[in-house]
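By our numbering, the letter at position 441 of the sequence shown is numbered 487, and the numbering carries on one by one without gaps. Idealized CB from N, CA, C, for every residue including glycine. Keep in mind the model is a prediction, meaning the values are calculated, not measured. Reading through the structure tokens given below for one structure.
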Amino acid sequence: MSEIIDLTLSELRKILDRKELSSKEVTRAYLDRIQETDGKIRSYITVTEKDALAQAERADKRISRGETSALTGIPLGIKDVICTRGIKTTCGSRMLENFRPPFNAHVMERLLSQDAVMLGKLNMDEFAMGSSTENSAFFQTRNPWDLERIPGGSSGGSAASVGARLCCASLGSDTGGSIRQPASHCGVVGMKPTYGRVSRFGLVAFASSLDQIGPLARSVKDCAVLLEAISGHDSRDSTCLPASVPAYSEACIEGLQDFTIGVPEEYFVEGLDPEVEKAVRSGIEALESMGARIERISLPHTEYAVAVYYIIATAEASSNLSRYDGVKYGFRAKEYSNLMEMYKNTRAQGFGPEVKRRIMLGTYCLSAGYYDAFYKKASQVRTLIIQDFKKAFEKCDAVAAPVAPTTAFRLGEKVDDPVQMYLSDIFTIPVNLAGIPGISVPCGFDSKGLPVGLQIMAGHLQEEKLFRAAFSLETALNLQIQWPEL
Ligand code: GLN
47 MSEIIDLTLS ELRKILDRKE LSSKEVTRAY LDRIQETDGK IRSYITVTEK
97 DALAQAERAD KRISRGETSA LTGIPLGIKD VICTRGIKTT CGSRMLENFR
147 PPFNAHVMER LLSQDAVMLG KLNMDEFAMG SSTENSAFFQ TRNPWDLERI
197 PGGSSGGSAA SVGARLCCAS LGSDTGGSIR QPASHCGVVG MKPTYGRVSR
247 FGLVAFASSL DQIGPLARSV KDCAVLLEAI SGHDSRDSTC LPASVPAYSE
297 ACIEGLQDFT IGVPEEYFVE GLDPEVEKAV RSGIEALESM GARIERISLP
347 HTEYAVAVYY IIATAEASSN LSRYDGVKYG FRAKEYSNLM EMYKNTRAQG
397 FGPEVKRRIM LGTYCLSAGY YDAFYKKASQ VRTLIIQDFK KAFEKCDAVA
447 APVAPTTAFR LGEKVDDPVQ MYLSDIFTIP VNLAGIPGIS VPCGFDSKGL
497 PVGLQIMAGH LQEEKLFRAA FSLETALNLQ IQWPEL
């Protein structure tokens with residue numbers, strides 16, 4: 047059994063198609079593993095065993111008819127911010143603890159149309175606000191490499207479940223780093239697509255101008271396969287791009303001749319752990335060994351990114367989360383004597399402290415008299431950050447940098463210091479503000495044995511370049527897939 051759960055998506059595809067194993071056997075192996083091991087990691091909020099086995103059976107029929115697609119019969123985990131029809135979608139919040147969406151997100155429709163198997167829904171920071179998954183209203187997810195440490199966040203369940211081999215691959219969402227940062231901390235590959243590449247229909251909104259769904263997997267190619275499956279136009283999300291979807295897996299080719307990679311000096315500053323820097327620099331050397339030309343560049347407005355993000359993201363969140371008022375769906379307080387009190391009690395009891403902090407901050411930024419000083423100013427600086435990247439991509443094909451300033455920190459280490467927590471996203475946030483794609487690829491370990499990720503960024507809709515660089519890095523480093531002991 048241990049062999050089944052060790053297989054990458056691409057390996058599993060071949061084995062299923064050759065009928066050496068059935069999807070039902072593979073699904074059963076994962077369900078058993080979840081039963082045995084997820085008590086230590088706690089990546090799943092909901093395990094959908096019955097549905098998973100039924101999906102696997104459908105997939106096996108399809109395979110026997112020779113009608114396979116890339117994901118047919120592959121067991122996946124889904125972040126609990128993505129709507130699944132009739133299956134609890136909690137967003138890690140008491141507010142949606144018992145919410146069963148009457149519809150599927152666009153990405154779920156895509157996965158199910160290929161007869162992919164959903165094993166269950168994965169833990170996360172409440173409404174995707176956080177960097178450690180400690181803001182989940184339900185329980186703490188642990189890092190498979192060290193159970194006393196955080197898995198990163200907000201897609202902590204999505205990263206830990208892939209790292210602990212509790213699913214073959216997963217989907218997460220990334221508003222300021224929530225796919226790339228946990229991927230880096232859990233030693234897996236995680237990718238945020240170009241804004242608009244994947245439909246947000248059925249993704250519970252946090253900050254609508256930044257949110258994007260993306261894959262987490264064991265290899266670059268597996269991410270490419272998953273992205274290809276979920277990308278493309280959807281008229282129900284007006285920001286979803288009509289651009290055609292290239293065969294991303296075919297972009298995973300080795301070699302970076304005629305390829306320039308920029309290394310921004312603003313990402314190698316004080317606060318970057320020297321061991322992280324060492325691993326990242328060795329990754330950059332590996333890119334060079336594949337033929338890339340390495341060039342020092344500057345992204346001069348990087349230092350403003352965290353401040354800009356925490357104005358724009360909280361402002362959009364305060365507006366998006368106003369819908370949770372106890373009227374139509376979700377939690378409603380039991381005690382109240384009039385309508386206003388019902389709203390107040392519902393929101394006071396339904397939201398956790400971090401969500402409340404952000405709603406207050408965002409509402410303040412948007413209030414009359416403050417809008418120009420905060421939201422408008424932040425939007426102007428956002429434009430400067432966008433221009434920084436545009437200039438960089440005039441001379442570079444991709445940019446390489448760290449994902450996070452440190453490896454996974456200890457549980458509880460930053461919970462009482464929100465600003466420290468916010469600063470852990472300093473290297474991932476600019477990508478969201480600019481709307482460009484970014485990927486985290488494992489590039490080594492620190493002296494405590496914790497994984498380090500290297501981030502590669504590319505221009506708007508340049509996912510193919512991103513995958514080419516990431517695949518070349520993975521090949522050059524040849525880090526044998528390593529698994530944490532559990
Ligand atoms: N950690 C960042 C935040 O707390 C990013 C979260 C995300 O990407 N969803 O907002």
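Query, Result
"Can you name the residues that DSSP bridges to Q501?", "A447, S486"
"Is the Cβ-Cβ distance between M386 and R378 less than 8 Å?", "no"
"Around the Cβ of G415, are there at least 16 other Cβ atoms within 10 angstroms (buried) or fewer (exposed)?", "exposed"
"Just grab the DSSP bridge partners of V244 for me.", "S277"
"From the DSSP output, in three-state form, read off E311 for me.", "helix"
"For the beta strand (DSSP E) holding E341, just list the boundary residues, first then last.", "339–343"
"Counting Cβ pairs, one atom from each stretch, are 3 or more of them under 8 Å apart for the region 218–228 and the region 327–344?", "no"
"What span of residues does the beta strand (DSSP E) with V208 cover, start to end?", "That residue, V208, is in no beta strand (DSSP E); its alpha helix (DSSP H) goes 202–209."
"Who pairs with R456 in a beta bridge, going by DSSP?", "R195"
"By the DSSP assignment, the beta strand (DSSP E) with S178 in it spans what residues?", "Run containing S178: none; DSSP gives neither H nor E here."
"Helix, strand or coil for G415, going by three-state DSSP, please let me know.", "coil"
"Is it buried or exposed for S200, if we count other Cβ within 10 angstroms and need 16 for buried?", "buried"
"Should D220 be listed as close to ligand 1, given that the test is whether its C-beta is under 7 Å from any heavy atom?", "yes"
"In terms of residues, what are the limits of the alpha helix (DSSP H) holding I128?", "Careful: I128 lies outside any alpha helix (DSSP H) and carries neither H nor E."
"One question on the structure: do P310 and V445 come within less than 8 Å of each other, judged by their Cβ atoms?", "yes"
"Could you spell out where the beta strand (DSSP E) holding M563 opens and where it closes?", "Summary: the structure shown does not reach residue 563, with the chain confined to residues 47 through 532, and so no result is reported for it."
"Assuming V487 and L519 make a contact with CB atoms under 8 Å, what is their CB distance in whole Å?", "5 Å"
"Determine the contact status of G203 and G236, defining contact as a CB-CB distance below 8 Å.", "no"
"For R131, which residues in the same chain have their Cβ closer than 7 Å to its Cβ, ignoring the five residues on either side in sequence?", "P147, P148, F149, N150"
"Ligand 1 and G317: does any heavy atom of the ligand fall closer than 7 Å to the residue's C-beta?", "no"
"Compute the Euclidean distance between the alpha carbons of L532 and A210, then round it to the nearest angstrom.", "8 Å"
"DSSP puts T92 in a beta bridge; with which residues?", "K167"
"Please classify Y417: is it buried, with 16 or more other beta-carbons within 10 angstroms of its beta-carbon, or exposed?", "exposed"
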